[in-house]
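S.K.: Dropping the structure in here first, questions after.
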Amino acid sequence: MEKDTKKAFSWEIDNFSERKEEIKSASFSSGGCEWCRLCVQPKGKLVDDHLSLFLDAVNPGSLLPGWRRRASYALFC
């Protein structure tokens, strides 16, 4: 079984309530490799009155077949 690596990432978005388009964080590293960023869609992806939040692989072509990650989110306003 693989060892879980815990990583915290904080991201503050200025003027969030005024934003309409997708917003992407800078990429960040976890487990020794730079592999992800957060993407948020303030008006939702499929439903306009929802917030959509995604963990995005920065360079998916560099990942080995069968790779996986587990993530937990906490939102603070």
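Read in order, the letters of the sequence shown are residues 2 to 78 in the working numbering. Every residue gets a Cβ at the ideal spot worked out from N, C-alpha and C, and that includes glycine.
1) Take the Cβ of C37 as the centre, count every other Cβ of all protein chains shown within 10 Å, and call the residue buried at 16 or more, exposed below.
2) Going by beta-carbon coordinates alone, are K25 and C40 separated by less than 8 Å?
3) To the nearest angstrom, how far is it from the Cα of D50 to the Cα of K44?
4) If you draw a straight line from the C-alpha of L64 to the C-alpha of E19, how long is it?
5) Based on the DSSP output, what are the partners of R38 in its beta bridges?
6) Quick check on S11: does DSSP put it in helix, strand or coil?
7) Are the Cβ atoms of F17 and F29 separated by less than 8 Å?
M.R.: With the given structure in hand:
1) C37 is buried by the Cβ-count criterion.
2) In contact: K25 and C40 (Cβ atoms closer than 8 Å).
3) Distance from the CA of D50 to the CA of K44, rounded to the nearest whole angstrom, comes to 6 Å.
4) The alpha-carbon atoms of L64 and E19 are separated by roughly 35 Å.
5) D57, per the DSSP bridge assignment.
6) In the displayed model, S11 falls within coil according to three-state DSSP, outside both helix and strand.
7) 8 Å or more divides the Cβ of F17 from the Cβ of F29.
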